[in-house]
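Here the structure comes first, spelled out in structure tokens, and everything after it is commentary.
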Amino acid sequence: MSVENGLWVFAQAVEGKLLPVSLELLGEGRRLADRLDVGLSAILIGHNLQPLALELIACGADNVLVADHAKLYHYRGELYIPLVEKMILRYRPEIFLFGATQGGKDLAAATAARIGAGLTAHCVAFEIDEHKVLKQLVPAFGGHCVFRSQGNPQMATVAPGVFTIPEPDYERQGKIIEIDFSPPAEPATKIVEFKTEKGSAGGLEEAEVIVAGGAGVGNAENWQLIEKLAHALNAAVGATRPPVDEGWVEEEKMIGQSGRNVRPKLYLAVGISGDQLHLSGVQNPELFIAINKDPKANIFKHAHFGVVEDLTKILPPLIELLSPGGDN
Amino acid sequence: MDFKFSEDQEMLRKAAREFASDVLAPRAEEIEANDELPRELIEEMAARDFLAVTIPEAYGGLGLGHTARLIIIEEIARVSAAAAMMLQVFGLGIEPIVVFGTEEQKQRYLPPLATGEKLATIAVTEATGGSDPSGIETVAQKDGSDFTLNGRKVFITNAKVSDIVVVLAKMADDEKTFNTFIAEKTMEGCRPGRTEKKMGLRGSDTGEIIFNNCRIPQENLLGEPGAGLKVALSAIGDVGRAGMTGVALGLLQASLEAAVKFANQRVLGGRPISKLQSVQFKIAEMYADLEASRLLGYRAAAMKDRGERCDVEFAIAKYFSCEAAVRVAKHACDIHGAYGYMEEYPVQRYLRDALISIPSAGTSDIMKVIMGKTALKKFAD
Amino acid sequence: MKSLKIAVCLKSVPDPKQWHKVTINPQTKTIQKEGIPRIISPLDRHALEAAVRLKEAHGGSVIVVCMGSPGARENIQEALALGADEAVFLSDRAFGGADSLATARALAAALKKLGLPGLIFCGAVSYYGSTGQVGPQIAQFLGINHFSAVRFLDYKGGKLYAEIVTDGGFALCEGKLPLLVTVRREINKPRGLRLSEAIKARKKKIWTWSSADLGLSSDQLGLKGSGIQMFDFLPLPEAQGAEILEGGPQEIAKEIAQKIKKYRQGGIL
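Chains as they are written, first to last, in the working numbering: chain Y, 1 to 328; chain Z, 1001 to 1381; chain S, 2001 to 2269.
And the structure:
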């Protein structure tokens, strides 16, 4: 299948590995490309990319456009943006999907501005309408807003964890297309130092058990109860925006549209009112328990079990019961 | 008549509200539990110029006047009446210096007060009385050109934290002659005494200031010799009543907000109690009390800023708003049911804090004396 | 050395503490946010603080550029009280309904008209929209480089050093001006509003510009100039609702613990 007029996915390599969201997008991209009967291409930029290109083909790419250069090892807007613009102008994709990572968001936004294309953020589902136009669903206000982007290509970003990684098939065949790159003689920006550091999200995205707190937790002291409960359950800690704004917890732990997307099996929401911006980041927990003082809190519409009570009354005995040696 | 705050006044309110909600609110319970207003919160208020509001620009202040002061006290009292009370009485300490101080006294005392480097208070009340200052027993003995002060002032807000104390005394040789002085804590023989344990307003520093052979130089005499009563009472008068009105307004607003929040959340018989007419009527009365108090307070403050006589207007505002604060806080507690008596809800604090607003800066009965006298004259044919 | 000209792009947003009051009209597909107090988008306040601190350390001037409805003027006034020297208010019905692309195009046109400042600050994301797109897009319209998600900043020898958050960790970057940076909350602690500054701000100038002042046609701006359009709203079916556990705190805690235990024993976790 041709790289021209096709569906593209930005495949982001970090420290020699593909980010999971790139593969998740290939799965969804494959479905949409088949529906449109066009080729699915992955855009891969970095250094020493051969094994990654093969992985992308195994996960559904028909073509991989590879720009391989030592200077491209880390994401750098000054180099990546014109490169991707050049690829778009040459091959004219119909649709271009990006993971909502630091690099993915930046590259998508800048590229969209350069070519004057619309870019829809926070998409959680796509559909192809009868005119072969991409319908982009964004959660908001207790439902989904449906967007269309103008211009070519139709561009969207998707948070990690929204789609699932397809089963790789290393028998699949695909084409690797090398893209020329020569670094500018006098770049205006450079990376002086790079520090590899695992984010402090504490494995939120992979966590099977999450204890999350919201504004209702009230203060930093009560937040310790959230941490203790998480510890007792061997769970990851999550938060809504207010605790992050208040400084009780790091921004990396924020769950929701502008934070992390999580798929826990067990989700314990404490002092969370449950607006859509938060809940859209929590994908189908199998057991969902909410504790909130306000009986009218929206969270009770979505949880399986609810407790209308002050968290300072419920959490201490619960922590005791769930801790090793507790009554369980 | 234009019942609208100016854009500038709205901006001042925004600044005060930002401090109250972002800095003060997270620590309101701590202030209550420790019965102490942390020093860094006072410093933060100073950094945001809250202490400079009524000090003239020529002396490092902002010269914003009394409407501005009322706005700031109201916004702070909405979160912590104790913190508002610190500001209120600070204002009483500086007012006599602003109005009656010599150029030298203003140059010397006002700039460090505007920046919060120093804090002020006023000391009139004694065990023998506050509203009748002629009953005080603190005496000033003429000593060459200086004075020696002896006596014990009680229920003084900012007793410990203040550096500068405007103090009223009667002359040892003439019981009918009063003088007001600017004393400093660094002077020998001027120190705080016991700290009071109060039912409410926890975090407000209330206690004694003791003068024991405290030598006060002549240049610290405030106002004309013998004009002490006028000097001290002018501060407690309009400015004191304005400040207490501000404290009451904050408590009114906080009580109403807490009551509405609880009434919407508390479910009885399957629906929130805010659907009950008995609750709605209470809320309605609280709302009317808040609005009436606000109109009275800001009307008086606007008159003060225009330089008009407004003693009765402030007496009415003080009387009405402080009584209303108690009524409304009680309603808020009632709406909370038994929860209203529990420390985990703030309404019990609002009620305890509101109760002290009545005796502070002149009791309701004193206000009635002023209002009654005026009315009897004004409406006589 | 030429004095440093710094610009800050500000957005006025409904107070996040009251977002639960923001609703959508399913018929008209318009967002209702009337009556909610407006604040400077929180990360934009960090951007403003970064700009003002830079000015305080190195001299120069800070100009605020804000596009918004008339209510945003109050937030511009606030920005002037927080240390900006003057402001440009892009206020015109033609700007209404803009997505990130149309917003960035208008802001970039205003910045160009100002003679391209050496440094432009934005929040890494604005609250409410939180796409994080506007900053990088302004940079493209201006043809300058940018650093996204900056958490530490230093300016020396005419160069900007920025520590940015990346997908693999953190990168210390160096760049020549002109540059646009988008900042994260870790970069600083914004100052509080001071009364004296609020009063001084009254005398500072706010220029109000319309689409005509920017030399842009109406089809490049607002809803018409946007790259994306919302054309439908699909409400979700009302969720089933939780089973509310009753009893005293001890009993409820026990019940929750049992549910979790049972669930874990089901072998799923």
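Where is the CB? At the ideal position from N, CA and C, for every residue including glycine.
Hey, is phenylalanine 1019/Z's beta-carbon within less than 8 Å of any beta-carbon in chain C? Of the protein chains in the structure, Y, Z and S, none is chain C.
For asparagine 219/Y, would you say it is in contact with chain Z, using Cβ-to-Cβ distances shorter than 8 Å as the test? For asparagine 219/Y, the nearest CB of chain Z lies under 8 Å from its own CB, placing it at the interface with that chain.
Using CA coordinates, which residue listed in Leu2236/S, Arg2191/S, Ala2079/S, Leu2214/S is at the minimum distance from valine 138/Y? If we check each option's Cα against that of valine 138/Y, Leu2236/S comes out closest.
Chain Y contact residues for tyrosine 2263/S, given Cβ-Cβ distances below 9 Å: Within chain Y, the residues near tyrosine 2263/S are Lys265, Leu266, Glu286, Leu287.
On the three-state DSSP scale, how would you describe phenylalanine 1281/Z? Phenylalanine 1281/Z falls in the helix class under three-state DSSP.
What three-state label does DSSP hand leucine 2269/S in the structure shown? At leucine 2269/S the pLDDT is 47, less than 50, meaning the model places this residue with poor confidence; the figure from the coordinates comes in the next sentence. In the structure shown, leucine 2269/S sits in coil (DSSP, three-state: anything other than H, G, I, E or B).
Buried or exposed for tyrosine 1341/Z, going by 16 or more other Cβ atoms inside 10 Å? Looking at its Cβ environment, which holds fewer than 16 other Cβ atoms inside 10 Å, tyrosine 1341/Z is exposed.
Pair within 8 Å by beta-carbon distance, histidine 2046/S and asparagine 2188/S: A contact, by the Cβ cut-off of 8 Å.
Quick check: what's the CA-CA separation for alanine 1383/Z versus tyrosine 1350/Z? As displayed, chain Z neither begins before 1001 nor continues past 1381, which places residue 1383/Z out of reach and without an answer.
Taking C-alpha atoms, which residue in Asp1311/Z, Leu1012/Z, Lys1118/Z lies nearest to threonine 1186/Z? The residue from Asp1311/Z, Leu1012/Z, Lys1118/Z with its alpha-carbon nearest to that of threonine 1186/Z is Lys1118/Z.
Within chain Z, the residues that aspartate 294/Y reaches when beta carbons sit closer than 8 Å: The answer, in chain order, is Gln1265.
Just tell me which of Asn284/Y, Asp275/Y, Lys313/Y, Gln173/Y has its CA closest to the CA of lysine 296/Y. Checked all of Asn284/Y, Asp275/Y, Lys313/Y, Gln173/Y; the closest Cα to lysine 296/Y is Asp275/Y.
Determine the chain S residues that contact glutamine 257/Y at a beta-carbon separation under 9 Å, and present them in chain order. Under a criterion of Cβ atoms nearer than 9 Å, the residues of chain S adjacent to glutamine 257/Y are, in order, Ser2130.
Pick out whichever of Cys123/Y, Asp68/Y, Ile210/Y has its Cα sitting closest to the Cα of isoleucine 43/Y. For isoleucine 43/Y, the closest alpha carbon among the candidates Cys123/Y, Asp68/Y, Ile210/Y is that of Asp68/Y.
Chain Y beta carbons: is any one of them nearer than 8 Å to that of glutamine 2027/S? It does not; no Cβ of chain Y falls within 8 Å.
Determine the direct distance from the alpha carbon of glycine 238/Y to that of leucine 1251/Z, and round the result to whole angstroms. Between leucine 1251/Z and glycine 238/Y, the C-alpha separation is close to 36 Å.
According to the neighbour-count rule (16 or more other Cβ atoms, all chains shown, within 10 Å of its Cβ), is asparagine 1158/Z buried or exposed? It is buried - the Cβ of asparagine 1158/Z has at least 16 other Cβ atoms within 10 Å.
Which residues share a DSSP beta bridge with histidine 144/Y? Paired residue(s): Pro139/Y, Leu2234/S.
Which residues in chain S have a C-beta closer than 8 Å to the C-beta of valine 1053/Z? List them in chain order. Against valine 1053/Z, the close residues of chain S are Leu2195, in the order they occur along the chain (beta-carbon pairs closer than 8 Å).
Inter-residue Cα distance where the pair is isoleucine 128/Y and leucine 266/Y: Looking at the two C-alpha atoms, the distance is approximately 33 Å.
Taking the straight line between their C-alpha atoms, what separation do you get for glutamate 251/Y and valine 244/Y? One C-alpha to the other measures close to 5 Å.
Assuming contact is defined by CB atoms lying nearer than 8 Å, are lysine 2166/S and cysteine 2122/S in contact in what I supplied? A small fix is needed here, since residue 2166/S is threonine in this sequence, not lysine. Note that the C-beta distance between threonine 2166/S and cysteine 2122/S is not below 8 Å.
For the alpha helix (DSSP H) containing threonine 2103/S, list its first residue and its last residue. Per DSSP, the unbroken alpha helix (DSSP H) holding threonine 2103/S starts and ends at 2100-2113.
Quick check on glutamine 1107/Z: buried or exposed, where buried means 16 or more other Cβ atoms within 10 Å of its Cβ? That one is exposed.
For alanine 1259/Z, which option in Pro1038/Z, Tyr1298/Z, Ser1274/Z, Thr1245/Z has the closest C-alpha, if you only look at C-alpha atoms? The shortest Cα separation from alanine 1259/Z among Pro1038/Z, Tyr1298/Z, Ser1274/Z, Thr1245/Z belongs to Ser1274/Z.
For the stretch 1149-1174 of chain Z, which segments carrying the beta strand (DSSP E) assignment without a break, of at least 3 residues, lie completely within its bounds, in sequence order? Counting whole runs of 3 or more residues, the stretch 1149-1174 of chain Z contains the beta strand (DSSP E) stretches 1164-1171.
Chain Y contact residues for proline 1026/Z, given Cβ-Cβ distances below 9 Å: Here the neighbours are Asn219, Ala220, Glu246.
Alanine 2253/S and proline 317/Y closer than 8 Å at C-beta: A distance below 8 Å separates the beta carbons of alanine 2253/S and proline 317/Y.
If we count the other Cβ atoms within 10 Å of its Cβ and call it buried at 16 or more, is serine 200/Y buried or exposed? Note that serine 200/Y scores 49 on pLDDT, short of 50, meaning its location in the model is unreliable and no value can be drawn from it.
By the 10 Å Cβ neighbour count, where 16 or more other Cβ atoms means buried, how is phenylalanine 1003/Z classified, buried or exposed? Its Cβ having fewer than 16 others within 10 Å, phenylalanine 1003/Z is exposed.
Please give me, in chain order, every unbroken run of the beta strand (DSSP E) with length at least 3 that falls completely inside the stretch 1225-1272 of chain Z. Here no run is fully enclosed.
Shorter than 8 Å from the beta carbon of methionine 1342/Z to some beta carbon of chain S? At a cut-off of 8 Å between beta-carbon atoms, methionine 1342/Z makes no contact with chain S.
Indicate the three-state DSSP secondary structure (helix, strand or coil) for glutamate 1345/Z in the structure shown. Looking at the sequence itself, residue 1345/Z is tyrosine, so the reference to glutamate does not match. DSSP, reduced to helix, strand and coil, places tyrosine 1345/Z outside both helices and strands of the structure shown, so it counts as coil.
What runs of the beta strand (DSSP E), each 3 residues or longer, lie entirely inside the stretch 20-58 of chain Y? Those beta strand (DSSP E) runs which fall completely within the stretch 20-58 of chain Y and span 3+ residues are 40-46.
Taking 6 Å as the limit between beta carbons, can you name the residues of its chain near leucine 1110/Z, skipping five residues before and five after? Ile1055, Tyr1059.
Going along the chain, which residues of the stretch 2080-2091 of chain S sit with their C-beta nearer than 8 Å to a C-beta in chain Z? If the cut-off is 8 Å between Cβ atoms, the stretch 2080-2091 of chain S has Ala2081 near chain Z.
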